[in-house]
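Per my numbering, the sequence shown starts with residue 1337, numbered consecutively.
Beneath this line is the structure, given in C-alpha cells, with notes to follow.
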Amino acid sequence: MKFFMLLAQLFFITYAFSQEVGQLSKGSKVVGGGISGEWILREYPTNSDGTQNINRRSLTIRPASGEFIKDKLLLGVEIIASIGIKEENINNSLVEYEDNEEFLNYKMGMFFVKYFPLINKFGFFAKPGVSVNFENRLAKINNFSLVDDQNSFSRKAEFHSFGLNGELNFGLYLLIGKQFSIETNLGGLGFYYSKESETVQDVDFESSNFNLRLVNELSLDQILTLNYFFD
C-alpha cells in the first residue's frame, strides 16, 4: 500500500512539473465559473431554558470571464446568483417563535486574481474584488406567547436590500493540460455594507461588518471552479 501511495505522489509531482504555464501569461483569456451549495445547521441556548435553531440552505451559480493583463495576474468580471431558504425556530418557557424565509440574491463584481505557482501547475492564488449586491426576501413569521396572548402574532414581511462588498479571498489552483484549471477557495476576509427596507412596515435598516471565513463548517460554498483558457 505504501508503495502505491508513493508511486501516486511521484506521478502527481512529475505531472505538475512537466506542464507549461502558458495559460497564465499576459494576453490569455479565460471563461469559467461553478456551482456551489450551502447547508448550515446551528443551535444556540436561549434564556428561559430554551434553544434557537437555524437551518439555512442555498444554491449558487457564478459565471465569470477575464483576461491576463500581466503574467499570472488576471482581471475579470463575474455575476453571482443565489437562491435559498432560511428557517429559524425559538422554543423556551416564554415563547414559540418561527421565521421561515425565501431569498434571492445576486451580485455583479470585478476582481483580480494573482497566481503564485508552487510546483509549476499547482499553486496558491489571492483574489481581491468589489461587488454590488441585491437581495429580495419573503418572510413568514409566527410568534406564540406562552404567557401573554396579546404578544402573539402572525405576519408576512418582504425585504429588499442593496449592498457594497469588498473581499480578499484565497485558495488553491491546479492547471489541467494547456486549456483548463480547477480552483477551490480556502477562505477570505471581507467588508460588507447593506441597506435593507421592509415594504410592509416601511422600515429601513443599515448594517456593516467585517467577516473572516475559513473552511471550518459543514458548507459547500468553498466552491470548485472550472476555467477554460484561450488566446
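All residues carry an ideal CB built from backbone N, CA and C; glycine is no exception.
Residue i to residue j, Cα distance in whole Å?
i	j	result
V1367	Y1433	46 Å
P1399	T1535	31 Å
L1525	A1462	11 Å
N1389	V1466	32 Å
L1556	E1379	With a pLDDT of only 46 at L1556, under the threshold of 50, the placement of this residue in the model should not be trusted, and no figure is reported.
E1437	L1454	44 Å
G1459	Y1442	30 Å
L1560	E1494	33 Å
G1499	Y1528	7 Å
F1541	N1479	22 Å
G1513	L1548	34 Å
L1562	G1523	18 Å
D1484	Y1509	57 Å
Would you check if the distance between the CB atom of residue i and the CB atom of residue j is smaller than 8 Å?
i	j	result
N1505	N1469	no
T1396	I1371	yes
K1408	Y1451	yes
V1431	L1482	yes
S1490	N1428	no
Excluding the 5 residues preceding and the 5 following residue i in the sequence, name in chain order all residues of the same chain whose CB lies nearer than 8 Å to its CB.
i	result
Q1515	Q1359, Y1564, F1565 and F1566
E1403	G1363, S1364, K1365, V1366, L1410, L1411 and G1412
Among the residues of its own chain, which have a CB less than 6 Å from the CB of residue i, if the five just before and after it don't count?
i	result
K1492	K1476
W1375	R1393
S1497	E1471, S1530 and E1532
L1440	I1419 and N1472
P1464	F1448 and L1504
K1301	Residue 1301 lies beyond the range of the chain shown here (1337 to 1567); nothing can be said about it.
S1361	D1407
F1546	F1527
In three-state terms, what does DSSP make of residue i?
i	result
L1430	coil
N1487	helix
L1482	coil
Q1515	coil
Given residue i, which residues of its chain have a CB within under 7 Å of its CB, disregarding the five upstream and five downstream residues?
i	result
I1426	T1382, G1386, Q1388 and Y1433
D1435	E1424, A1475 and I1477
M1444	I1415, S1467 and V1468
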